[in-house]
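Final position of the sequence shown in my numbering is 402; the numbers increase by one with none missing.
Virtual Cβ for every residue (Gly too), placed ideally from N, Cα, C.
Computed from a predicted model, the values in this text were never measured in an experiment.
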Amino acid sequence: MVDLSKYKELFVDESREHLQCISRNLLALEKEPKSESKSTDALNEIFREVHTLKSMAATMGCGEMEKLAHEMENVLDGLRRRGGLEKGEGTVDVLLECLDGLETLVEGVATGKTVSRDLTGLYKKLENVAVSTATAAAEKEGEKVEEGKEEGRKVEAEREGEGKEEEKEEEEKEEEKEEGRKVEAEREGEGKEEEKAAGRVGPAIRLGVEKIQALQNLAEELAIAKMRLLQIASASKHASPVPELNEITATIDRLTSELQDKVMRMRLFPVGFLFDRFPRAVRDLSSKTGKKVAFIVTGVEIELDRLVLDEINDAVMHLLRNAVDHGIEKPEERKKVGKKEEGKVVLSARREGNSVLVSVEDDGRGMNVERLKKVAVEREIITSEEASRMKE
């Protein structure tokens with residue numbers, strides 16, 4: 011029997027990536043009308059990701075995770091056959107709840123702890139949504155069949171009224187068209203094969219931060235040895251010059267510098283790796299507080315050390331929570347002061363010299379400074395004198 015435990019880390023890492031992709035596309039699906047091509051793309055992407063998760067879970071023997079992913083597939087398949095999502099129907103809420111369930115199960119695998127979460131209620135919700143979408147899809151497909159039959163009857167009537175000579179000419183033309191379509195299909199097939207070959211990407215290799223750190227330590231030791239060798243080579247120039255030694259030391263110097271640079275770059279990740287975690291959180295916060303919030307993210311391509319990204323996660327989440335909770339007003343309050351009902355929260359990253367500035371901005375009223383001062387004084391964080399000297 012194959013020991014699957016050695017694949018656990020890879021399974022958890024890949025599952026988290028798939029879940030993040032599902033979350034991103036679910037939020038995109040919620041925003042786009044069902045007639046939009048973006049909505050169709052998002053729905054297809056979600057279906058593929060859920061199907062992949064189901065297969066991975068089955069391979070690893072994660073029965074509950076496989077079952078939940080399968081039930082999600084049924085709902086998603088119904089949505090695809092129906093033609094998309096009806097705005098405001100609440101299906102995304104159920105799918106996001108499923109996503110939370112999958113995340114809990116994945117973390118259970120990561121920690122090795124048994125998950126005690128009861129998913130009975132969630133399965134019932136999924137069943138209701140699946141029945142609803144399947145019924146709507148069947149009705150839509152039935153309408154298409156009737157339309158097709160009617161069109162067929164019209165064509166048949168027209169053909170019966172035509173003479174035999176016209177039928178013969180039509181058949182000849184149809185044969186010519188069919189031949190043309192075959193040639194065109196062959197050309198398209200060749201073109202697609204070329205596109206696939208051109209777009210092929212090599213296999214990805216996953217490296218943990220610890221392994222990268224170990225590699226960096228070795229690169230630093232090599233750099234120290236290089237410096238020692240350069241010193242020896244420099245001293246030997248004056249004693250008995252060896253041209254080959256000078257050439258070798260120059261090569262080692264160049265290669266060591268390149269190695270150090272490459273290893274440092276291996277630690278860098280786009281900040282989008284971190285920022286992708288927040289749209290769902292902002293969406294849930296705005297829903298909980300009864301506020302309308304447009305969440306905008308910029309600078310996702312800027313790179314930071316992976317350890318730094320992990321360190322600032324909680325701080326960024328805290329800033330976003332404050333922006334939604336205390337910065338953005340409720341729709342009716344915004345209308346009274348002439349603002350749009352939907353507030354705006356912007357999470358951005360930008361370079362400033364050798365540093366990267368990550369900021370959170372909102373177009374709300376901001377925090378009540380006087381109230382904050384009062385609370386700080388009451389909790390004896392600052393004195394009344396210090397509070398009076400503080401400026402906004």
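Open item on the list: Distance check for Lys77 and Val139, CA to CA, integer angstroms please.
Closed with: Approximately 16 Å between the Cα atoms of the pair.
Task: Start-to-end residues for the beta strand (DSSP E) that takes in Thr308 - done: Lys302 to Thr308
Open item on the list: For the beta strand (DSSP E) containing Arg360, name the first residue and the last one.
Closed with: Glu352 to Glu362
Open item on the list: Here's the rule: buried if 16 or more other CB atoms are within 10 angstroms of the residue's CB, otherwise exposed. What is Lys159?
Closed with: Low confidence applies here, because Lys159 scores a pLDDT of 47, under 50, leaving its location unreliable; read the following figure in that light. So Lys159 ends up on the exposed side.
Task: One or two residues paired with Phe279 in a DSSP bridge - done: Leu314
Task: Inter-residue Cα distance where the pair is Ala68 and Thr124 - done: 17 Å
Task: First through last residue of the alpha helix (DSSP H) which encompasses Leu367 - done: No alpha helix (DSSP H) holds Leu367; the beta strand (DSSP E) holding it covers Ser365 to Asp372.
Open item on the list: For Leu367 and Ser244, what's the separation of their Cα atoms in angstroms?
Closed with: Those two C-alpha atoms are separated by around 43 Å.
Open item on the list: Give me, in chain order, the residues of the same chain whose beta-carbon lies closer than 6 Å to that of Lys16; leave out the 5 immediate sequence neighbours on both sides.
Closed with: Taken in chain order, the list of residues that qualify is empty.
Open item on the list: Give me, in chain order, the residues of the same chain whose beta-carbon lies closer than 8 Å to that of Ala79; leave out the 5 immediate sequence neighbours on both sides.
Closed with: Val60, His61, Leu63, Lys64, Ala67 and Leu112
Open item on the list: Tell me the rounded alpha-carbon separation between Cys31 and Leu232.
Closed with: 40 Å
Task: Nearest-angstrom Cα separation, counted from Thr308 out to Asp373 - done: Using only the alpha carbons, I get a separation of about 16 Å.
Open item on the list: What residue range does the alpha helix (DSSP H) around Arg399 cover?
Closed with: Ser394 to Arg399
Open item on the list: Quick check: the Cα distance between Glu42 and Glu380, rounded to an integer number of angstroms?
Closed with: 41 Å
Task: Proximity of Leu39 and Ser25 at Cβ, strictly below 7 Å - done: Contact: no.
- [ ] Give the range of the alpha helix (DSSP H) segment to which Cys108 is assigned.
- [x] Thr101 to Thr121
TODO: Would you identify the three-state DSSP class for Gly94, choosing helix, strand or coil?
DONE: In this structure, Gly94 counts as coil in the three-state DSSP scheme.
Task: Val347 in three-state terms, based on DSSP - done: coil
TODO: Would you kindly check if the distance between the Cβ of Ile312 and the Cβ of Ala359 is under 7 Å?
DONE: yes
Task: Rounded distance between the beta-carbons of Val292 and Val281, thought under 8 Å - done: Contact doesn't hold; Cβ gap of about 16 Å is too wide.
- [ ] Return helix, strand or coil for Ala208, following the three-state DSSP convention.
- [x] With a pLDDT of 36 at Ala208, under the threshold of 50, the predicted position of this residue should be treated as unreliable, and no value is reported.
- [ ] Determine the burial state of Glu339: buried for a count of at least 16 other Cβ atoms within 10 Å of its Cβ, exposed for fewer.
- [x] buried
- [ ] Taking Leu278 and Asp315 to be in contact with their CB atoms under 8 Å, please state how far apart those CB atoms are, rounded to whole angstroms.
- [x] Your pair Leu278 and Asp315 checks out as a contact, with CB atoms roughly 6 Å apart and the cut at 8 Å.
Open item on the list: Are the CB atoms of Ala325 and Val355 within a distance shorter than 7 Å?
Closed with: no
Task: Proximal residues to Thr143 (C-beta, below 7 Å), its chain only, five neighbours per side dropped - done: Taken in chain order, the residues that qualify are Val85, Gly88, Leu89 and Arg92.
TODO: Apply the 10 Å Cβ neighbour rule to His28 and answer buried if 16 or more other Cβ atoms are within range, or exposed otherwise.
DONE: buried
Open item on the list: Could you give the first and the last residue of the continuous alpha helix (DSSP H) run that contains Glu339?
Closed with: Taken as a continuous stretch (DSSP letters only), Glu339 belongs to no alpha helix (DSSP H), as it is neither H nor E.
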